[in-house]
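Below: one structure, written as structure tokens.
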Amino acid sequence: MLKKLRRTLLAAAIAGNAGAAGAAAPMTLQDYLALNGPAPARHVAYGAAPSQFAELFLPAGAGPFPVAVIIHGGCWTQAFGGIVQMRAMAGELAAQGVAVWNVEYRRYDEPGGGYPGMYQDVATALDRLRALAPEHRLDLSRVVLIGHSAGGHLAQWAAARARLPRGSPLYVADPLPVPVVISLGGLADLRREQALIKSSCERDMAQLAGVASAARPDIFSDTSPAELLPAGVRTVLIHGEHDDIAPLRVGQDYARRAQAAGDAAEVLVLPGGSHYDEVAPASPSWSIIAAQVRQALGLPR
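Under mature numbering (1 follows the signal peptide of the UniProt record, and there is no 0), residues -23 to -1, 1 to 278 are what the sequence shown spells out, in order.
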């Protein structure tokens, strides 16, 4: 994404002028970086590192509340925002009666990030919900995982953790089950999408999946959700019509692979949407995304 994001920034003035003439213009990187939302009800550390925390957003009322776990993207790096931008989505979902767990994690360019730390962070944050549920009346029978871009990869991975090989350092015996995962412009098939991830994000697989060893000859065996199929979850893959970071073809290819393995998977297109409309409640695309979140949680659409 680095090269493409730099091109987006250089073109931002032109895109902004075009957007002024029509509110439905696809969102730019600058629009995305400007996203923010309300402060969370709680900031919860799940480790000692600065990025090992998550934010809990709570709706009004007594609960019990369904839960959306949201995982930001940004090419697995610190360079392109992250948890702050996802507060816009978190605030909107909380206003609709959904508790939101907004997850931060150590990215590849942070101490302890990459493999295995990045994955362990996401897993630890997700499983921490069990400890929080009684106090905050979270209904963990109604949970949906939502990830954007690189976070789509991590959300799909987290939903498939029950399939991890026992010898992996990422294996846990009793991961929190999640029946539905919504991937927003996700890049989840690390093996088959290596070239795209390199061109879109300038990421090498060693940064995301570690290096091979005698004990772990296949670096994708515990890092790529596509290698963990069938995961026993329903996957909704949503891509903007104009997403050139994770094009529609990526979701379609993953859905075919998941369906062939026996999992439920579907692909939706955001008409006129970009890679950034996928996470913006002010975008015309939001109604499509919100409807999928509500459906996943058993709420009226």
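Cβ coordinates follow ideal geometry from the N, Cα and C atoms, glycine included.
As the structure is a prediction and not an experimental result, all values here were calculated from the model.
message: On the criterion of 16 or more Cβ atoms from any shown chain inside 10 Å, does residue 188 qualify as buried, or is it exposed?
response: Walking along the sequence shown from the start, residue 188 turns up at place 211. With fewer than 16 Cβ atoms within 10 Å of its Cβ, residue 188 is classed as exposed.
message: How far does the alpha helix (DSSP H) with residue 188 in it extend, from its first residue to its last?
response: Within the sequence shown, residue 188 is the residue found at index 211, counting from 1. Run containing residue 188: none; DSSP gives neither H nor E here.
query: Does the beta-carbon distance from residue 206 to residue 165 come in below 8 Å?
result: Residue mapping note: residue 206 aligns to position 229 of the sequence shown, counting from 1. Residue mapping note: residue 165 aligns to position 188 of the sequence shown, counting from 1. No, these two residues do not count as a Cβ contact at 8 Å.
Closest Cα partner of residue 136 within the set 51, 85, 16, 124: The residue given as residue 136 occupies position 159 in the sequence shown. Among 51, 85, 16, 124, the Cα nearest to that of residue 136 belongs to 124.
field: Endpoints, the beta strand (DSSP E) within which residue 124 is located
entry: Position 147 of the sequence shown, counting from 1, holds the residue named residue 124. Looking at the DSSP string, the run of the beta strand (DSSP E) that includes residue 124 is 115 to 125.
query: Roughly how far, in whole angstroms, is the beta-carbon of residue 76 from the beta-carbon of residue 36, given that I think they are within contact range, below 8 Å?
result: To locate residue 76, count along the sequence shown from 1; it is residue 99. To locate residue 36, count along the sequence shown from 1; it is residue 59. Indeed they touch by this definition, with Cβ atoms about 6 Å apart.
Rounded separation between residue 120 and residue 183 - CA only: Residue numbering aside, residue 120 sits at position 143 when the sequence shown is read from its first letter. Residue numbering aside, residue 183 sits at position 206 when the sequence shown is read from its first letter. The alpha-carbon atoms of residue 120 and residue 183 are separated by roughly 31 Å.
Residue 222 versus residue 129 - alpha carbon distance: Taking the sequence shown and counting its residues from 1, the one referred to as residue 222 is at position 245. Taking the sequence shown and counting its residues from 1, the one referred to as residue 129 is at position 152. So the alpha carbons of these two residues sit roughly 12 Å apart.
- prompt: Looking at the structure shown, is residue 222 part of a helix, part of a strand, or coil, going by DSSP?
  reply: The sequence position of residue 222 within the sequence shown is 245, counting from 1. Residue 222 falls in the coil class under three-state DSSP.
message: Can you tell me whether residue 101 is helix, strand or coil according to DSSP?
response: By 1-based counting over the sequence shown, the position of residue 101 is 124. Helix, per DSSP.
task: Please report how far the alpha carbon of residue 134 lies from the alpha carbon of residue 202, in whole angstroms.
output: If you number the sequence shown from 1, residue 134 lands on position 157. If you number the sequence shown from 1, residue 202 lands on position 225. Cα to Cα, the separation comes out at about 5 Å.
task: In angstroms with no decimal places, state the Cα-to-Cα distance between residue 191 and residue 227.
output: Along the sequence shown, read from residue 1 onward, the residue named residue 191 stands at position 214. Along the sequence shown, read from residue 1 onward, the residue named residue 227 stands at position 250. One C-alpha to the other measures close to 31 Å.
task: Report the rounded CA-to-CA distance for residue 139 versus residue 199, giving the unit in angstroms.
output: By one-based count along the sequence shown, residue 139 stands at place 162. By one-based count along the sequence shown, residue 199 stands at place 222. Straight-line Cα distance between these residues: approximately 11 Å.
message: Let me confirm a value: residue 79 is counted as buried when at least 16 other C-beta atoms fall within 10 Å, else exposed. Which label applies?
response: Position 102 of the sequence shown, counted from the start, is the residue given in the question as residue 79. Per the 10 Å Cβ criterion, buried.
message: Quick check on residue 110: does DSSP put it in helix, strand or coil?
response: Sequence index remark: in the sequence shown, residue 110 carries index 133 (1-based). Residue 110: helix per DSSP, three-state reduction.
query: CB-CB under 6 Å to residue 50, same chain, minus the five flanking residues each way: which ones, in chain order?
result: Reading the sequence shown from its first residue, position 73 is the one you call residue 50. Within the same chain, residue 50 has close Cβ partners 125, 126, 127, 128.
field: Other residues of its chain near residue 272: CB distance less than 7 Å, five sequence neighbours each side excluded
entry: In the sequence shown, the residue the question calls residue 272 occupies position 295. Within the same chain, residue 272 has close Cβ partners 278.
- request: Indicate whether the contact test is met: 3 or more Cβ pairs, each with one atom in the region 89 to 98 and one in the region 37 to 45, closer than 8 Å.
  value: no
message: Could you give the first and the last residue of the continuous beta strand (DSSP E) run that contains residue 177?
response: Stepping through the sequence shown from its first residue, residue 177 is reached at position 200. First-last for residue 177: 171 to 178, but that is the alpha helix (DSSP H), not the beta strand (DSSP E).
- prompt: Which class does residue 194 belong to by DSSP, given the choice of helix, strand or coil?
  reply: Taking the first residue of the sequence shown as 1, we reach residue 194 at position 217. In this structure, residue 194 counts as coil in the three-state DSSP scheme.
task: Identify which residue in 84, 61, 32, 63 has its Cα closest to the Cα of residue 53.
output: As a working mapping, residue 53 is identified with position 76 in the sequence shown. Closest by alpha carbon: 84.
Rounded straight-line distance, which links the Cα of residue 161 to that of residue 27: Reading the sequence shown from its first residue, position 50 is the one you call residue 27. Reading the sequence shown from its first residue, position 184 is the one you call residue 161. So the two alpha carbons sit approximately 26 Å from each other.
- prompt: Among 33, 57, 148, 259, which has the Cα closest to the Cα of residue 178?
  reply: Indexing the sequence shown from 1 puts residue 178 at position 201. That would be 57, whose Cα lies nearest to the Cα of residue 178.
- prompt: Leaving out the 5 sequence neighbours to the left and right, which residues in its chain are closer than 6 Å to residue 233 when beta-carbon positions are compared?
  reply: Position 256 of the sequence shown, counted from the start, is the residue given in the question as residue 233. So the list is empty, once near-sequence residues are dropped.
field: Simplified DSSP assignment, three categories, for residue 164
entry: One-based indexing of the sequence shown puts residue 164 at position 187. Residue 164 falls in the coil class under three-state DSSP.
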